[in-house]
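The listed protein sequences derive, respectively, from chains A and B.
The numbers in our numbering rise by one with no breaks, and the one at position 246 of the first sequence is 246.
Basically our numbering = 1-based index in the second sequence + 344.
All C-beta atoms, glycine included, are put in the ideal place defined by N, C-alpha and C.
Every value quoted in this text rests on a predicted model; they were computed, and no experiment measured them.
2 protein chains.
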Amino acid sequence: MTKPVVPDFRRTLTLRDVSEASGVSEMTVSRVLRNRGDVSDSTRERVLEAARRLGYVPNKIAGALASQRVNLVGVIIPSLSNMVFPEVMTGISDVLEDTGLQPVVGVTNYLPEREEAVIYEMLSWRPSGLILAGLEHSEASQAMLAQAGVPVVEIMDIDGTPVDSAVGISHRRAGRQMAEEIVAAGYRRIAFLGTQMPNDHRAKKRLAGFEEALARAGLTLADREFYSGGSALLKGREMTEAVLKRSPDVDFLYYSNDMIGAGGLLYCLAEGIDVPGRVGLAGFNGVELLDGLPRRLATMDACRLDIGRLAAEIIAGKRPDGIVSGEIIELSPTLQRGDTIRNG
Amino acid sequence: MTKPVVPDFRRTLTLRDVSEASGVSEMTVSRVLRNRGDVSDSTRERVLEAARRLGYVPNKIAGALASQRVNLVGVIIPSLSNMVFPEVMTGISDVLEDTGLQPVVGVTNYLPEREEAVIYEMLSWRPSGLILAGLEHSEASQAMLAQAGVPVVEIMDIDGTPVDSAVGISHRRAGRQMAEEIVAAGYRRIAFLGTQMPNDHRAKKRLAGFEEALARAGLTLADREFYSGGSALLKGREMTEAVLKRSPDVDFLYYSNDMIGAGGLLYCLAEGIDVPGRVGLAGFNGVELLDGLPRRLATMDACRLDIGRLAAEIIAGKRPDGIVSGEIIELSPTLQRGDTIRNG
DNA sequence: GATGCGGCTGTTAGCGGTAACATAACAGAT
DNA sequence: ATCTGTTATGTTACCGCTAACAGCCGCATC
Numbered sequence: 001m002t003k004p005v006v007p008d009f010r011r012t013l014t015l016r017d018v019s020e021a022s023g024v025s026e027m028t029v030s031r032v033l034r035n036r037g038d039v040s041d042s043t044r045e046r047v048l049e050a051a052r053r054l055g056y057v058p059n060k061i062a063g064a065l066a067s068q069r070v071n072l073v074g075v076i077i078p079s080l081s082n083m084v085f086p087e088v089m090t091g092i093s094d095v096l097e098d099t100g101l102q103p104v105v106g107v108t109n110y111l112p113e114r115e116e117a118v119i120y121e122m123l124s125w126r127p128s129g130l131i132l133a134g135l136e137h138s139e140a141s142q143a144m145l146a147q148a149g150v151p152v153v154e155i156m157d158i159d160g161t162p163v164d165s166a167v168g169i170s171h172r173r174a175g176r177q178m179a180e181e182i183v184a185a186g187y188r189r190i191a192f193l194g195t196q197m198p199n200d201h202r203a204k205k206r207l208a209g210f211e212e213a214l215a216r217a218g219l220t221l222a223d224r225e226f227y228s229g230g231s232a233l234l235k236g237r238e239m240t241e242a243v244l245k246r247s248p249d250v251d252f253l254y255y256s257n258d259m260i261g262a263g264g265l266l267y268c269l270a271e272g273i274d275v276p277g278r279v280g281l282a283g284f285n286g287v288e289l290l291d292g293l294p295r296r297l298a299t300m301d302a303c304r305l306d307i308g309r310l311a312a313e314i315i316a317g318k319r320p321d322g323i324v325s326g327e328i329i330e331l332s333p334t335l336q337r338g339d340t341i342r343n344g
Numbered sequence: 345m346t347k348p349v350v351p352d353f354r355r356t357l358t359l360r361d362v363s364e365a366s367g368v369s370e371m372t373v374s375r376v377l378r379n380r381g382d383v384s385d386s387t388r389e390r391v392l393e394a395a396r397r398l399g400y401v402p403n404k405i406a407g408a409l410a411s412q413r414v415n416l417v418g419v420i421i422p423s424l425s426n427m428v429f430p431e432v433m434t435g436i437s438d439v440l441e442d443t444g445l446q447p448v449v450g451v452t453n454y455l456p457e458r459e460e461a462v463i464y465e466m467l468s469w470r471p472s473g474l475i476l477a478g479l480e481h482s483e484a485s486q487a488m489l490a491q492a493g494v495p496v497v498e499i500m501d502i503d504g505t506p507v508d509s510a511v512g513i514s515h516r517r518a519g520r521q522m523a524e525e526i527v528a529a530g531y532r533r534i535a536f537l538g539t540q541m542p543n544d545h546r547a548k549k550r551l552a553g554f555e556e557a558l559a560r561a562g563l564t565l566a567d568r569e570f571y572s573g574g575s576a577l578l579k580g581r582e583m584t585e586a587v588l589k590r591s592p593d594v595d596f597l598y599y600s601n602d603m604i605g606a607g608g609l610l611y612c613l614a615e616g617i618d619v620p621g622r623v624g625l626a627g628f629n630g631v632e633l634l635d636g637l638p639r640r641l642a643t644m645d646a647c648r649l650d651i652g653r654l655a656a657e658i659i660a661g662k663r664p665d666g667i668v669s670g671e672i673i674e675l676s677p678t679l680q681r682g683d684t685i686r687n688g
């Protein structure tokens with residue numbers, strides 16, 4: 001099952017090897033490989049040929065140290081598995097693609113101490129910029145970010161004070177807006193179903209905004225249910241069942257994300273519950289998944305692609321007026337009523 | 345909306361700054377910060393205090409150059425958005441966590457030329473190892489990997505010849521196995537629904553194995569339908585509708601992944617089609633999502649967590665016998681019949 | 001023919017750490 | 001008192017590359 005380990009006698013190649021193989025100085029090789037400065041066509045050809053033939057791969061560690069430039073952008077997010085960050089990443093990659101910058105992802109699992117460690121690790125590679133989710137960070141994290149001396153963009157959320165720049169939506173406002181819509185549609189006994197969220201600050205803010213708007217309409221949450229871990233779709237089912245059994249008079253279910261909302265929708269449809277007549281449903285995020293459901297769940301898209309794009313543009317110095325720092329961009333999520341809120 | 349850009353007068357800190365602040369040599373500071381070698385407790389205290397006070401973050405670029413050691417492991421995958429790789433990443437992170445190694449993700453979007461670029465970029469940082477999906481790579485990629493001088497683990501698939509090590513399942517066999525199960529259950533008019541797959545070699549191998557087993561039973565595919573892009577769940581619905589309309593006598597639908605399978609299942613349920621009586625359904629991957637569906641879709645889990653773990657263990661040199669190279673590990677996916685294959 | 005200049009190439013001196021090898025101080029053994 | 005060994009610290013020489021500058025050549029200019 002195992003083939004013999006062939007000891008590698010070749011040291012790994014350096015500029016010097018290419019230089020010797022092509023008969024020019026290391027400096028000239030360096031210039032050729034970076035397309036920097038003037039080199040005659042004939043020399044360029046010779047160098048490229050030698051590099052290709054040897055299979056030379058430049059050592060960016062040495063290059064970065066010498067030039068004090070690192071073409072890396074750290075991206076720090078809480079989780080890969082919840083459908084929201086892949087799209088942010090797409091936006092970031094799209095923009096960075098033709099800037100020579102390269103995103104590097106770090107995952108925190110919603111743990112502040114993990115975040116601190118990831119920030120430290122990232123900064124120790126002296127990246128050209130940092131993009132990270134959320135505005136809430138440990139004190140030590142904040143200090144590191146402030147000291148870093150590179151552009152830092154906090155994304156997703158703008159309800160708070162960024163270290164440097166921020167691109168996102170107001171989750172508080174998003175929650176409020178959804179509540180207003182629901183109340184306007186005539187629902188009165190409204191329940192909330194969501195993640196246990198010691199560290200999901202954005203979900204928390206949405207709920208706060210939601211309750212605030214309810215209060216203004218003279219209402220309070222009729223019930224609430226929380227979960228953590230497991231298949232979100234399944235949890236959505238289970239929580240929905242639990243709430244509807246416990247509080248049969250509830251007429252609206254507000255979910256903290258689309259995945260559990262979808263689970264709830266499937267549950268209601270399977271049980272033959274009239275949606276949106278008997279109960280209305282709404283989620284949050286506008287994930288692509290929803291397109292495939294039997295009925296379109298009401299939701300609010302979180303502008304994830306744009307957030308990624310704009311954050312990357314700030315880091316890449318592509319913003320109009322060349323702003324690279326201290327910008328706060330608030331995007332407006334659009335409410336999609338779908339088929340699960342009745343027409344007031 | 346923008347705050348003034350405060351010019352950063354402080355150069356970024358170096359060992360020398362900490363050394364001066366604590367009155368010892370740079371070397372001693374270095375030792376303290378890496379916990380390497382003997383340092384007296386009093387000195388250690390003084391150094392740590394100074395480092396903390398100044399907010400010093402070591403420069404790993406310089407460290408890596410000097411020590412010829414980089415605690416990074418490149419992980420190259422085709423896509424972040426299909427639910428399968430997050431779980432692989434989890435397995436990898438779990439294992440690397442306490443080895444001091446750090447995964448760095450690169451995404452290829454199923455494009456060989458992107459893959460080549462990502463491999464080049466990764467190798468230029470001289471990582472301690474590389475984990476990449478699939479066994480099919482451009483010639484240039486293969487050459488780079490072979491020359492890299494670090495352990496390379498190709499994951500997910502083992503139907504082919506790895507550059508170095510491989511951890512995965514046989515997709516060909518997986519396809520065969522599912523076909524046998526379906527045929528044994530008495531289905532005869534079987535259709536395939538999947539991605540357009542110029543570069544999804546694993547889906548292609550599953551289909552090949554599937555058709556091979558059908559042929560052995562004297563059957564051929566009754567119909568086939570392909571898609572690309574868009575919401576997989578929605579595509580699953582649409583394709584299912586298309587196939588069932590076009591070939592009303594089809595009695596089984598084999599999907600190349602669970603997400604479109606789930607779409608198909610939802611479609612059938614909504615249309616009141618008897619599953620698994622009138623048509624049977626099966627997908628591939630065993631994603632968590634399925635737990636939340638109204639009925640459990642037949643599928644085969646791809647051992648993603650284990651694949652990640654084992655790959656990481658190889659890189660980290662944690663395999664029994666200290667094998668670091670040239671190992672091929674085949675895992676056996678388990679078939680989950682769910683509720684969508686009738687009992688033969 | 002001296003001068004200037006742009007195109008091309010080479011030389012030198014780091015970048016900020018760490019490996020490897022001194023060195024110093026002091027304890028206990030002889 | 002000398003030797004040995006251990007612990008704690010410092011010194012030196014790089015790691016592989018690039019910025020900055022220096023040189024050389026040929027050609028147009030005055």
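### Query
Does any CB atom of chain B fall closer than 7 Å to the CB of aspartate 291 (chain A)?
Indexing the first sequence from 1 puts residue 291 (chain A) at position 291. Yes - at least one Cβ of chain B is within 7 Å of the one on aspartate 291 (chain A).
Continuous alpha helix (DSSP H) stretch holding glutamine 142 (chain A): start and end
Within the first sequence, residue 142 (chain A) is the residue found at index 142, counting from 1. 139-147 is the extent of the alpha helix (DSSP H) around glutamine 142 (chain A).
Looking only at its chain, what residues have a beta carbon closer than 6 Å to the beta carbon of phenylalanine 554 (chain B), apart from the 5 residues adjacent to it on each side?
Here residue 554 (chain B) corresponds to residue number 210 of the second sequence, with the count starting at 1. Gly519 and Ala523.
Contact under 7 Å by Cβ, cysteine 647 (chain B) with isoleucine 526 (chain B): Counting from 1 along the second sequence, the entry for residue 647 (chain B) is found at position 303. Counting from 1 along the second sequence, the entry for residue 526 (chain B) is found at position 182. No, the pair does not count as a contact, with Cβ atoms beyond the cut-off.
- Alpha carbon to alpha carbon, what distance is there between valine 18 (chain A) and leucine 597 (chain B)? As a first step, residue 597 (chain B) must be located in the second sequence, where it is residue number 253. As a first step, residue 18 (chain A) must be located in the first sequence, where it is residue number 18. Those two C-alpha atoms are separated by around 56 Å.
Hey, is isoleucine 273 (chain A)'s beta-carbon within less than 7 Å of any beta-carbon in chain B? The residue labelled residue 273 (chain A) in the question sits at position 273 within the first sequence. Not one chain B Cβ lies under 7 Å of isoleucine 273 (chain A).
Point to revise | Supposed close pair glycine 236 (chain A), glycine 218 (chain A) - CB separation, criterion 8 Å | key: Sequence index remark: in the first sequence, residue 236 (chain A) carries index 236 (1-based). Sequence index remark: in the first sequence, residue 218 (chain A) carries index 218 (1-based). In fact, because the Cβ distance is near 29 Å, the residues do not count as touching under 8 Å.
| task | May I ask you to verify whether the region 182-202 of chain A touches the region 125-139 of chain A, counting CB pairs closer than 8 Å and requiring at least 3? | result | yes
Give the DSSP-derived three-state secondary structure of glycine 264 (chain A) in the structure shown.
The residue you call residue 264 (chain A) lines up with position 264 of the first sequence. DSSP places glycine 264 (chain A) in helix when its eight states are reduced to three.
Which residue marks the beginning of the beta strand (DSSP E) containing tyrosine 187 (chain A), and which one marks its end?
Residue mapping note: residue 187 (chain A) aligns to position 187 of the first sequence, counting from 1. Counting along the chain, no beta strand (DSSP E) covers tyrosine 187 (chain A), and no H or E run does either.
For this session: Ignoring anything shorter than 3 residues or poking outside the region 96-166 of chain A, list the beta strand (DSSP E) runs there in chain order.
Result: 102-107, 129-133 and 152-157
Do valine 279 (chain A) and aspartate 251 (chain A) have their beta-carbon atoms positioned less than 7 Å apart in this structure?
Here residue 251 (chain A) is taken as the residue at index 251 of the first sequence, counted from 1. Here residue 279 (chain A) is taken as the residue at index 279 of the first sequence, counted from 1. Yes, these two residues count as a Cβ contact at 7 Å.
**Prompt:** Considering only C-alpha positions, which residue in the set B:Gly616, B:Cys612, B:Ala626 and B:Pro620 is nearest to asparagine 601 (chain B)?
**Reply:** Against the second sequence, residue 601 (chain B) aligns to sequence position 257. Here the closest residue by C-alpha is B:Ala626.
What residues in its chain sit with their C-beta under 8 Å from that of valine 637 (chain B), if we drop five residues either side in the sequence? Mapped onto the second sequence, residue 637 (chain B) falls at position 293. Note that residue 637 (chain B) is leucine in the sequence shown here, rather than valine. Ala606, Leu609 and Leu610, listed in sequence order.
What is the rounded straight-line gap between the Cα of serine 42 (chain A) and the Cα of threonine 14 (chain A)? As a position in the first sequence, residue 42 (chain A) is number 42, starting the count at 1. As a position in the first sequence, residue 14 (chain A) is number 14, starting the count at 1. Rounded to the nearest whole angstrom, the C-alpha separation of serine 42 (chain A) and threonine 14 (chain A) is 22 Å.
Item to complete: May I have the straight-line CA-CA distance separating alanine 208 (chain A) from methionine 583 (chain B), to the nearest angstrom?
Response: Here residue 208 (chain A) corresponds to residue number 208 of the first sequence, with the count starting at 1. Here residue 583 (chain B) corresponds to residue number 239 of the second sequence, with the count starting at 1. Going by the C-alpha atoms only, they are around 42 Å apart.
- request: Consider the Cβ of isoleucine 405 (chain B): report whether some Cβ of chain A lies at a distance smaller than 7 Å.
  value: Within the second sequence, numbered from 1, the residue matching residue 405 (chain B) stands at position 61. At least one chain A Cβ lies under 7 Å of isoleucine 405 (chain B).
Between the region 30-37 of chain A and the region 465-476 of chain B, do three or more beta carbon pairs fall short of 8 Å?
no
Exercise. When the distance is taken between beta carbons, is valine 417 (chain B) closer than 7 Å to leucine 445 (chain B)?
Worked result: Working through the second sequence from its first residue, we reach residue 445 (chain B) at position 101. Working through the second sequence from its first residue, we reach residue 417 (chain B) at position 73. Contact: yes.
### Query
Under the three-state reduction of DSSP, which class applies to glutamine 336 (chain A): helix, strand or coil?
Counted from its first residue, the first sequence places residue 336 (chain A) at position 336. If DSSP states are grouped into helix, strand and coil, glutamine 336 (chain A) belongs with the strands.
| task | Give the interface partners of glutamate 313 (chain A) over in chain B, defined as CB-CB distance under 7 Å, in chain order. | result | The residue labelled residue 313 (chain A) in the question sits at position 313 within the first sequence. Those within 7 Å of glutamate 313 (chain A) in chain B number zero; the least Cβ separation is about 14 Å.
* Can phenylalanine 284 (chain A) and methionine 300 (chain A) be called in contact, C-beta distance under 7 Å? -> For this step, residue 284 (chain A) is matched to residue 284 along the first sequence. For this step, residue 300 (chain A) is matched to residue 300 along the first sequence. Taking 7 Å as the Cβ cut-off, phenylalanine 284 (chain A) and methionine 300 (chain A) qualify as a contacting pair.
- prompt: leucine 588 (chain B) to alanine 535 (chain B), Cα distance in whole Å?
  reply: Along the second sequence, read from residue 1 onward, the residue named residue 588 (chain B) stands at position 244. Along the second sequence, read from residue 1 onward, the residue named residue 535 (chain B) stands at position 191. Their backbone Cα atoms lie some 9 Å apart in a straight line.
ask   = For the 8 Å Cβ check, are there 3 or more pairs between the region 418-437 of chain B and the region 647-663 of chain B?
value = Using a Cβ-Cβ distance cut-off of 8 Å, the region 418-437 of chain B and the region 647-663 of chain B are in contact, since at least three pairs of beta carbons, one from each stretch, lie closer than that value.
Q. CB-CB under 7 Å to valine 150 (chain A), same chain, minus the five flanking residues each way: which ones, in chain order?
A. Here residue 150 (chain A) refers to the residue found at position 150 of the first sequence. Correct list, in chain order: Pro127, Ser128, Gly129 and Leu130.
- Within this structure, are the beta carbons of glycine 338 (chain A) and leucine 297 (chain A) separated by less than 7 Å? Looking up residue 338 (chain A) in the first sequence gives position 338. Looking up residue 297 (chain A) in the first sequence gives position 297. Against a cut-off of 7 Å, the Cβ pair of leucine 297 (chain A) and glycine 338 (chain A) comes out as a contact.
Taking just the CA atoms, how far does proline 333 (chain A) sit from asparagine 82 (chain A)? Numbered from its first residue, the first sequence carries residue 82 (chain A) at position 82. Numbered from its first residue, the first sequence carries residue 333 (chain A) at position 333. Cα to Cα, the separation comes out at about 19 Å.
Q) Can you find a CB in chain A that lies within less than 7 Å of the CB of arginine 581 (chain B)? A) As a position in the second sequence, residue 581 (chain B) is number 237, starting the count at 1. So yes, arginine 581 (chain B) belongs to the interface.
Report the residue from A:Met156, A:Arg189 and A:Val75 whose alpha carbon sits nearest the alpha carbon of alanine 215 (chain A).
Taking the first sequence and counting its residues from 1, the one referred to as residue 215 (chain A) is at position 215. Of the candidates A:Met156, A:Arg189 and A:Val75, the one whose C-alpha sits nearest the C-alpha of alanine 215 (chain A) is A:Arg189.
**Q.** Contacting positions in the region 470-503 of chain B - beta carbon closer than 7 Å to chain A
**A.** Arg470, Ala487, Met488, Gln491 and Gly493
Query raised in the report: Is the Cβ of glycine 661 (chain B) closer than 7 Å to any Cβ of chain A?
Result: Translated into positions along the second sequence, residue 661 (chain B) becomes position 317. No, because no Cβ of chain A sits closer than 7 Å to the Cβ of glycine 661 (chain B).
Requested in this report: Identify the continuous beta strand (DSSP E) that holds valine 73 (chain A) and give its terminal residues.
Outcome: The residue given as residue 73 (chain A) occupies position 73 in the first sequence. Note, valine 73 (chain A): beta strand (DSSP E), 72-77.
Note to self: Taking 7 Å as the threshold (beta carbon to beta carbon), is threonine 346 (chain B) in contact with chain A?
What the structure shows: Position 2 of the second sequence, counting from 1, holds the residue named residue 346 (chain B). With a pLDDT of 34 at threonine 346 (chain B), under the threshold of 50, the modelled position of this residue cannot be trusted, and the question is left open.
List, in chain order, every chain A residue whose beta-carbon is nearer than 7 Å to that of valine 448 (chain B). Translated into positions along the second sequence, residue 448 (chain B) becomes position 104. Val104, listed in chain order.
Of the listed residues B:Ala395, B:Glu483, B:Tyr571 and B:Arg355, nearest to proline 506 (chain B) (C-alpha basis)
If you number the second sequence from 1, residue 506 (chain B) lands on position 162. Considering only alpha carbons, the answer is B:Glu483.
Go through its chain and collect everything with a Cβ distance to isoleucine 502 (chain B)'s Cβ below 8 Å, but skip five positions before and after it.
Start at 1 with the first residue of the second sequence, and residue 502 (chain B) comes out as number 158. The residues are Leu479, Ala510, Val511, Gly512, Ile513, Ser514, Ile672, Ile673 and Glu674.
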